[in-house]
Amino acid sequence: MVYIESAEAKKELGRIDDILNEKHLLIGGLAVKYFYPARESKDIDLVCSDAVRNTIIRELYPTNEWDIFDENMDEYRPDYHIKNKKNGLIISFGPKIKEREPYADIDWDLLVKEYSIAFENKRVKYKKIYIPSAGALAFTKLISFVNRETHKDIQDLQDFVDLTNHKSCALDDLFNLIDRVADKSKLRENFWKKIASKKECASIIAKGNIFKLADFFTESKPSPQSNGFADATNKVNILEDNPIIFFSQKKRPLEADISDNLKNAEEFFFMARTGVNFLGSHKSAVCHAIDNGCVCKFLIVNQHSPAIDYGQLRPIVDRKNVPVSYQWLQEIKEYDKGRNRVEIRVLNNFPPFGIEYFKKKDGKKIINVRPYFLTNYEPEKRPLLMVKEHSEWQNIFYSEFEQLWEKAQIWGNTRGWGKPKRIVLDGSPGGGKTTLLSGTSQRDIYNREFKGINKSGYTVFGNLINASIEDMRRKSANKSIQPPDDWKLFFECATDRAIKYYEAAKPDLITFYDRGIFYLEIMAERNNCKEMLPEKYFSFINENRYDDPIFIVHPILGIEIKPLEGDSKTRVFTDDERIEQDKKIVALYKRHRYRVIEIPSPDSPDLIRNFEVVNNSVNDRLSIIKKELGL
1 MVYIESAEAK
11 KELGRIDDIL
21 NEKHLLIGGL
31 AVKYFYPARE
41 SKDIDLVCSD
51 AVRNTIIREL
61 YPTNEWDIFD
71 ENMDEYRPDY
81 HIKNKKNGLI
91 ISFGPKIKER
101 EPYADIDWDL
111 LVKEYSIAFE
121 NKRVKYKKIY
131 IPSAGALAFT
141 KLISFVNRET
151 HKDIQDLQDF
161 VDLTNHKSCA
171 LDDLFNLIDR
181 VADKSKLREN
191 FWKKIASKKE
201 CASIIAKGNI
211 FKLADFFTES
221 KPSPQSNGFA
231 DATNKVNILE
241 DNPIIFFSQK
251 KRPLEADISD
261 NLKNAEEFFF
271 MARTGVNFLG
281 SHKSAVCHAI
291 DNGCVCKFLI
301 VNQHSPAIDY
311 GQLRPIVDRK
321 NVPVSYQWLQ
331 EIKEYDKGRN
341 RVEIRVLNNF
351 PPFGIEYFKK
361 KDGKKIINVR
371 PYFLTNYEPE
381 KRPLLMVKEH
391 SEWQNIFYSE
401 FEQLWEKAQI
411 WGNTRGWGKP
421 KRIVLDGSPG
431 GGKTTLLSGT
441 SQRDIYNREF
451 KGINKSGYTV
461 FGNLINASIE
471 DMRRKSANKS
481 IQPPDDWKLF
491 FECATDRAIK
501 YYEAAKPDLI
511 TFYDRGIFYL
521 EIMAERNNCK
531 EMLPEKYFSF
541 INENRYDDPI
551 FIVHPILGIE
561 IKPLEGDSKT
571 RVFTDDERIE
581 QDKKIVALYK
591 RHRYRVIEIP
601 SPDSPDLIRN
611 FEVVNNSVND
621 RLSIIKKELG
631 L
């Protein structure tokens with residue numbers, strides 16, 4: 001049978017009403033639905049004591065008829081899923097336990113005594129279950145929206161608008177309760193700050209009659225260019241008098257002073273073309289901040305990216321500055337050694353502006369923004385701006401930094417300054433190497449996408465063997481040629497391809513490889529044609545090295561591995577063949593004195609079918625790689 005969940009919840013409220021001895025308040029989605037029928041909710045949010053909660057469960061949901069599970073496992077804020085063993089009906093019961101303090105400024109006893117009406121279902125008024133009036137319920141949603149830290153805050157705001165739009169909403173109730181708030185100006189300020197911090201809020205309040213009314217009675221009309229939302233925030237004095245202050249490099253206001261802000265910084269984020277002026281002046285202050293527990297993030301342009309030539313009309317300046325900046329950043333990173341308070345990433349594009357972001361230990365946030373100029377080379381003549389803690393503006397700049405940070409590459413050098421770091425994932429077929437690196441696999445019949453290494457901004461070179469077969473076919477008249485048809489040509493192409501991949505690695509960055517050049521030797525031994533390996537193969541492995549460790553991804557057993565178009569005919573597919581080859585790959589790398597990290601294969605029979613299982617497996621195995629590399 002198909003149930004309408006809200007209807008069944010109302011029926012359960014009737015059963016609860018029958019056993020209650022005094023008035024109780026129903027809040028949440030079902031209460032809102034009383035005024036706005038389109039509100040979707042099945043949750044019974046009853047304000048009650050711990051004793052009443054226990055009575056309801058004991059009398060209405062005996063264990064021989066119902067299965068009960070608390071999703072939150074929390075006595076103060078339970079979320080019971082109660083399932084009928086006979087018909088499968090599920091009741092969602094989330095009592096608001098009175099022994100747990102509600103949000104400040106909400107008094108449940110006052111609401112039930114002075115601002116409540118009887119809940120009604122099918123024209124029958126319940127005797128003990130009441131809901132707040134539309135105005136009072138809107139007040140609770142206002143308080144919840146301001147205080148809640150989860151995604152449900154958007155629903156709170158939507159409920160507030162729908163309730164205040166309802167014809168029965170008495171604004172007296174709403175404003176009488178607001179008048180009881182201990183700090184009304186703080187409530188108003190926090191409300192508008194949160195509105196401005198989430199882009200979806202503007203479209204919601206634009207449909208609120210209460211906001212339209214406020215707009216109508218303001219002193220001046222909105223300008224034709226205004227969006228109504230910005231005007232509304234200004235009219236309730238949410239904007240500071242001077243949320244943005246312009247200044248010059250040599251005449252910084254005290255609030256924008258770098259050294260002073262670093263002294264009490266909990267977080268410091270920095271973005272620049274090169275950062276040479278900042279680092280030259282404030283490296284020691286940054287180190288002191290690290291000593292005081294400050295977490296620092298530095299984001300600058302990759303010196304090997306073409307973007308370095310487009311920062312200004314004199315690219316030679318940035319090219320000279322970058323090595324100096326890198327040296328200072330290296331010293332900061334070494335100073336932080338063992339504390340993990342410093343992260344450095346590089347951009348392969350030119351940043352839109354420079355940023356100095358400070359989050360102070362008292363919670364205050366300041367952003368200094370440095371516009372970039374292409375022709376003006378005199379720092380004292382370039383304006384800077386300080387954005388005070390006003391989320392409408394500050395969040396725009398912070399969001400830009402945050403998104404660029406996510407797309408940037410980790411400064412991956414560990415071998416020596418300025419050198420690339422080359423990390424190989426190898427192993428026999430069917431281990432999931434390609435999925436770990438690129439998030440997808442040709443062999444996944446469901447064409448699913450997971451978060452591979454490349455999604456974090458790292459360069460990944462794809463499957464060496466398949467790419468080499470394509471190279472082989474481009475050089476041959478036979479466009480369907482396979483390695484066994486001409487081993488010499490294949491190994492020639494594959495060696496060239498592996499060397500090309502190796503040399504393409506960028507300095508100061510981590511590059512990942514789906515197989516290393518050594519796999520060619522595994523193929524040659526298996527097919528008794530080692531003599532076909534070209535001399536440059538041996539020259540290369542003797543003169544060059546990948547970086548430690550080598551990650552060997554063990555094969556996933558018990559799954560069907562079928563040849564795909566483009567696969568080598570020599571590829572191994574059975575479990576026994578793959579296990580044996582896996583051992584040889586490990587032995588070969590160890591013979592060449594590499595440190596090998598073996599990544600175990602998952603053993604779940606649901607691996608192929610179940611997205612969640614695959615996703616967890618990918619994340620678990622990636623965590624081994626990231627932990628080892630310190631990512």
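First residue of the sequence shown: 1, per the UniProt record's numbering; consecutive thereafter.
Where a beta carbon is used, it is the ideal one built from N, C-alpha and C, also for glycine.
The structure presented is a predicted model; accordingly, all values stated were derived computationally and were not measured.
### Message
Can you give me the C-alpha to C-alpha distance between residue 232 and residue 204, rounded to a whole angstrom?
### Response
Mapped onto the sequence shown, residue 232 falls at position 232. Mapped onto the sequence shown, residue 204 falls at position 204. Residue confidence for residue 232 is low, a pLDDT of 42 falling below 50, so the modelled location carries little weight; the figure read from the coordinates is stated next. Here the alpha carbons of residue 204 and residue 232 stand approximately 13 Å from one another.
#### Entry: Coarse secondary structure for residue 634, derived from DSSP in three states
Beyond the ends of the chain as shown, which are 1 and 631, falls residue 634; an answer cannot be given.
### Message
Could you pull the DSSP bridge partners for residue 165 from this structure?
### Response
Position 165 of the sequence shown holds residue 165. As computed with DSSP, residue 165 is found in no beta bridge at all.
### Nearest residue (CA-CA) to residue 548, options 575, 398, 516
As a position in the sequence shown, residue 548 is number 548, starting the count at 1. Comparing Cα positions, the closest option is 516.
### Task
Compute the Euclidean distance between the alpha carbons of residue 234 and residue 436, then round it to the nearest angstrom.
By one-based count along the sequence shown, residue 234 stands at place 234. By one-based count along the sequence shown, residue 436 stands at place 436. Its pLDDT being 45, under 50, residue 234 is placed unreliably by the model, and nothing is read from it.
### Message
Would the region 356-363 count as touching the region 265-278 if we require 3 or more Cβ pairs under 8 Å?
### Response
By the Cβ test, the region 356-363 is in contact with the region 265-278, since at least three Cβ pairs between them sit closer than 8 Å.
### Query
Is the CB-CB distance between residue 70 and residue 62 below 8 Å?
Reading the sequence shown from its first residue, position 70 is the one you call residue 70. Reading the sequence shown from its first residue, position 62 is the one you call residue 62. Taking 8 Å as the Cβ cut-off, residue 70 and residue 62 do not qualify as a contacting pair.
### Task
Within the same chain, show all residues whose beta-carbon is closer than 6 Å to that of residue 121, passing over the 5 residues directly before and after it, in chain order.
On the sequence shown, position 121 is the one that residue 121 refers to. The answer, listed in chain order, is 10.
### Query
Among 39, 64, 80, 33, which has the Cα closest to the Cα of residue 53?
Start at 1 with the first residue of the sequence shown, and residue 53 comes out as number 53. Of the candidates 39, 64, 80, 33, 80 places its Cα closest to the Cα of residue 53.
### Message
For a test of the three-state rule: what should DSSP assign to residue 511, helix, strand or coil?
### Response
Locating residue 511 in the sequence shown gives position 511, counting from the first residue. In the structure shown, residue 511 adopts extended strand secondary structure according to DSSP, grouped into three states.
### Message
What does DSSP give as the partner residue(s) for residue 92 in the beta ladder?
### Response
Within the sequence shown, numbered from 1, the residue matching residue 92 stands at position 92. DSSP lists 43, 81 as the beta-bridge partner residues of residue 92.
### Task
Return the CA-CA distance between residue 160 and residue 47, expressed in angstroms with no decimal places.
By 1-based counting over the sequence shown, the position of residue 160 is 160. By 1-based counting over the sequence shown, the position of residue 47 is 47. About 19 Å.
#### Entry: Extent of the continuous alpha helix (DSSP H) to which residue 357 belongs
On the sequence shown, residue 357 is found 357 positions in, with the first residue counted as 1. Where residue 357 is concerned, there is no enclosing alpha helix (DSSP H), although the beta strand (DSSP E) around it starts and stops at 353-360.
### Task
Identify, in the order they occur along the chain, each residue of the same chain with its Cβ nearer than 6 Å to the Cβ of residue 60, setting aside the five sequence neighbours on each side.
Mapped onto the sequence shown, residue 60 falls at position 60. Cβ within range, chain order: 15.
### Query
Less than 8 Å separating the beta-carbons of residue 579 and residue 599?
Counting from 1 along the sequence shown, the entry for residue 579 is found at position 579. Counting from 1 along the sequence shown, the entry for residue 599 is found at position 599. No, the pair does not count as a contact, with Cβ atoms beyond the cut-off.
### Query
For residue 386, which residues from the same chain have a beta carbon less than 6 Å from its beta carbon, with the 5 sequence-adjacent residues on both sides left out?
As a first step, residue 386 must be located in the sequence shown, where it is residue number 386. Around residue 386: 245, 256, 368.
### Task
Classify residue 452 as buried or exposed, calling it buried when 16 or more other Cβ atoms lie within 10 Å of its own Cβ.
Within the sequence shown, the letter at position 452 stands for residue 452. That one is buried.
### Task
Would you be able to state if there are at least three C-beta pairs under 8 Å between the region 456-470 and the region 482-498?
For the pair of segments examined, the region 482-498 was found to touch the region 456-470: the number of CB pairs separated by less than 8 Å reaches three.
#### Entry: residue 111 beta carbon less than 8 Å from that of residue 138
As a position in the sequence shown, residue 138 is number 138, starting the count at 1. As a position in the sequence shown, residue 111 is number 111, starting the count at 1. Between residue 138 and residue 111, the C-beta gap is not smaller than 8 Å, which leaves the two residues out of contact.
#### Entry: residue 324 (DSSP reduced to helix, strand or coil)
Locating residue 324 in the sequence shown gives position 324, counting from the first residue. Helix.
### DSSP state of residue 483 mapped onto helix, strand, coil
Taking the sequence shown and counting its residues from 1, one reaches residue 483 at position 483. Residue 483: helix per DSSP, three-state reduction.
### Message
Measuring straight from C-alpha to C-alpha, what distance separates residue 216 and residue 206?
### Response
Position 216 of the sequence shown holds residue 216. Position 206 of the sequence shown holds residue 206. Their Cα atoms are separated by approximately 13 Å.
### Message
Between which two residues does the alpha helix (DSSP H) holding residue 469 run?
### Response
For this step, residue 469 is matched to residue 469 along the sequence shown. Run containing residue 469: 464-475, per the alpha helix (DSSP H) assignment.
### Task
Tell me, please, whether the region 393-400 touches the region 323-334 by the rule of three or more beta-carbon pairs shorter than 8 Å.
Taking one beta carbon from each stretch, the region 393-400 and the region 323-334 have fewer than 3 pairs nearer than 8 Å; the two do not touch.
### Query
Around the C-beta of residue 226, are 16 or more other C-beta atoms found within 10 angstroms, so that it is buried, or is it exposed?
Counted from its first residue, the sequence shown places residue 226 at position 226. Caution is warranted here: a pLDDT of 43 is assigned to residue 226, below 50, making its placement in the model unreliable, and the coordinate value is therefore given only provisionally. Here residue 226 is exposed, its C-beta having fewer than 16 other C-beta atoms within 10 Å.
### Nonlocal neighbours in the same chain, by C-beta distance under 6 Å from residue 297, ignoring five residues either side
Residue mapping note: residue 297 aligns to position 297 of the sequence shown, counting from 1. Once the five neighbours on either side are set aside, the close Cβ partners of residue 297 are 269, 343.
### Query
Mapping DSSP to helix, strand and coil, what is residue 228?
On the sequence shown, residue 228 is found 228 positions in, with the first residue counted as 1. Annotation note: pLDDT 43 at residue 228 (below 50); position unreliable, coordinate value reported separately. In the structure shown, the three-state DSSP call for residue 228 is coil.
### Query
Excluding the five sequence neighbours on either side, which residues of its own chain have a C-beta within less than 7 Å of the C-beta of residue 370, listed in chain order?
Sequence index remark: in the sequence shown, residue 370 carries index 370 (1-based). Here the set comprises 353, 354, 384.
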